[in-house]
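Numbering (the numbering used here), first residue to last: 621 to 1082.
Where a beta carbon is used, it is the ideal one built from N, C-alpha and C, also for glycine.
Every value quoted in this text rests on a predicted model; they were computed, and no experiment measured them.
Laid out in structure tokens, this is it:
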């Protein structure tokens, strides 16, 4: 085998390897064949549901439902029953001493005549019963300590879930006590006891004050962060992602009908379901065959272009490898970004292809490589026409802005012009689809800014 034949074989193997890599980059799911835009007429034939499929909720609907659930969510608190028992036992055992000291204090302050001392002491059992009953009521309803209250974990809620002996029950926040409100309730409840009205309410309140009853009041409700988070996560995870069904044979949209918000949502649901089903059914082999044909054709176009118009590049394996690498790298990057729903495909700087290839080769090769890469990745992205058009315009702007000047400062100008190109095209498409300013997805602008910043990664090459 001659050297020329060896070089030709290596070159062919290089293109075959590129086609194989490109084939494996194709997603396992199929490609929905219809293109549509919200607010525009349906340009295809009347669409009939090919199978039963659920209608998916929009991201906004899911967020609204999530916010509504979390707004009405009740946090969980553990009620420690042992605290009530301990504090009531403490009060019961020390009551005689504490009550006697309080009566002496009343005498010292001359709030009650001395001759009533014995009579007052004889009411001790009534005070004991009234206090213990009131304490049991307070602790049974629940006391939130000042420490728990200041955590501000639940002030926005109207209700909380109180776990008592492993059983939870919903309690209104207004029915709970703090240490201060528990003390006030205690004083008021004892003052209203029929057997203790011998003295004025002020005298009774002063007596209770001297007993230092706040020492027996402590929080018995504690915020259960783990249980709260588990229940909150469970509620959010159980949010249904669908709303209703479209049955097989049902008309979805007629030719010429305007794609409304509702129709757009149904079409998107059909697209998602279609892409999931194709490739898991008996058409798997045909799907792979189609992907293989497209992979071969894409690489073949590069082969024919270089052979016909850029023979000096075609004959240089290193230069050819560099072009194929750029195409495969950007294709792989697109697949990676598409696998993360939080990312937008518009963050990928496709104009970088035009910049890099123009630096090392020329404008014609740069434009061709950009177009081939966009056509390949368009099979994977939603709204393929918008995707290709926006990135094509950005790439053209990048090529023209460099205009044979490769000074590093020129790249900053190119980056700004590419950003402006994205914004202008995006605005035009959005107005075409929505017809009003307030319906535009301005959040996309952040992805365009990130795109133009990533374009500066070509700075070291200049």
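Measuring straight from C-alpha to C-alpha, what distance separates residue i and residue j?
i            : j            : result
residue 1034 : residue 1041 : 10 Å
residue 961  : residue 1010 : 20 Å
residue 866  : residue 1051 : 30 Å
residue 701  : residue 856  : 31 Å
residue 1086 : residue 875  : The requested residue 1086 does not occur in the structure, where the chain is confined to residues 621 to 1082.
residue 1064 : residue 627  : 47 Å
residue 997  : residue 948  : 10 Å
residue 902  : residue 859  : Annotation note: pLDDT 49 at residue 902 (below 50); position unreliable, coordinate value reported separately. Computed Cα separation, rounded: 32 Å.
residue 872  : residue 922  : 40 Å
residue 945  : residue 849  : 47 Å
residue 679  : residue 1000 : 21 Å
residue 877  : residue 668  : 14 Å
residue 964  : residue 784  : 48 Å
residue 832  : residue 841  : 22 Å
residue 657  : residue 1005 : 10 Å
residue 812  : residue 745  : 16 Å
residue 672  : residue 880  : 21 Å
residue 951  : residue 993  : 7 Å
residue 766  : residue 794  : 15 Å
residue 959  : residue 1074 : 20 Å
residue 1043 : residue 1068 : 8 Å
residue 688  : residue 882  : 22 Å
residue 966  : residue 988  : 20 Å
residue 768  : residue 779  : 15 Å
residue 710  : residue 681  : 55 Å
Just list the residues that DSSP pairs residue i with in beta bridges.
i            : result
residue 793  : Answer by DSSP bridge pairing: none, since residue 793 is not bridged.
residue 842  : 698
residue 781  : 696 and 790
residue 800  : Bridge partners of residue 800: none, in fact.
residue 667  : 873
residue 1086 : Given that the chain is displayed from residue 621 to residue 1082, the structure contains no residue 1086 and the question cannot be resolved.
residue 866  : 673
Any idea if residue i is buried or exposed, counting beta-carbon neighbours within 10 angstroms, 16 or more meaning buried?
i            : result
residue 890  : buried
residue 691  : exposed
residue 861  : exposed
residue 663  : exposed
residue 653  : exposed
residue 1071 : buried
residue 747  : buried
residue 954  : buried
residue 1021 : buried
residue 1019 : buried
residue 705  : exposed
residue 632  : exposed
residue 986  : buried
residue 580  : Since the first residue of the chain shown is 621 and the last is 1082, residue 580 is not available in this structure.
residue 931  : exposed
residue 911  : buried
residue 695  : buried
residue 830  : buried
residue 707  : buried
residue 622  : exposed
Does DSSP put residue i in a helix, a strand or coil?
i            : result
residue 698  : strand
residue 879  : coil
residue 676  : strand
residue 691  : helix
residue 941  : helix
residue 628  : helix
residue 1010 : helix
residue 967  : helix
residue 861  : coil
residue 764  : strand
residue 1033 : helix
residue 769  : helix
residue 902  : Its pLDDT being 49, under 50, residue 902 is placed unreliably in this model, and the value from its coordinates should be taken loosely. Reduced to three states, the DSSP call for residue 902 is coil.
residue 834  : helix
residue 637  : helix
residue 930  : coil
residue 746  : helix
residue 651  : coil
residue 1063 : coil
residue 759  : helix
residue 981  : coil
residue 1045 : helix
Does residue i get closer than 8 Å to chain C when you measure Cβ to Cβ?
i           : result
residue 622 : The question asks about chain C, but that chain is absent: this structure has only one protein chain.
ask   = Any contact of the region 823 to 834 with the region 756 to 768, i.e. 3+ C-beta pairs under 8 Å?
value = no
inquiry  = Count Cβ pairs between the region 707 to 720 and the region 804 to 814 that sit closer than 8 Å; are there 3 or more?
reply    = no
query = Are at least three pairs of beta-carbons, each pair with one atom in the region 1000 to 1015 and one in the region 971 to 988, less than 8 Å apart?
reply = The region 1000 to 1015 is in contact with the region 971 to 988.
Validate contact between the region 912 to 923 and the region 639 to 653 using beta carbons, cut 8 Å, 3 pairs = At 8 Å Cβ cutoff, the stretches touch.
key: Meets three-Cβ-pair contact criterion under 8 Å: the region 924 to 935 and the region 646 to 658   = no
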